[in-house]
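**Student:**
Residue numbers (our numbering): 1 to 84.
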């Protein structure tokens, strides 16, 4: 997934960290520059099974959906701190 700018990339890193702290297995996903995708280690595995990546992406999506209000409030506060 392409991210628009560095602020969005930083927020994506925050989401991945927050999800990991809350028990979501998303080690197969990372921010690579301005894109959200699979980790480099995961890309070089011969004959890799994409099931783990799909499951991680689905778990991350569910986490974001179920925590959307808290994440929205956190993002608003975070953006306000950047513009001060």
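Beta carbons: idealized from backbone N, C-alpha and C, even for Gly.
Everything numeric in this text was worked out from a predicted model, so none of it was measured.
Alpha carbon to alpha carbon, how far is residue 40 from residue 15? Give it in angstroms, no decimals.
**Tutor:** Between residue 15 and residue 40, the C-alpha separation is close to 19 Å.
**Student:** Give the straight-line distance between the Cα atoms of residue 70 and residue 59, rounded to the nearest whole angstrom.
**Tutor:** Each residue's alpha carbon lies about 17 Å from the other.
**Student:** Please name the residue in 25, 24, 23 and 32 whose C-alpha comes closest to that of residue 13.
**Tutor:** 32
**Student:** When the distance is taken between beta carbons, is residue 65 closer than 7 Å to residue 24?
**Tutor:** no
**Student:** Does DSSP classify residue 28 as helix, strand or coil?
**Tutor:** coil
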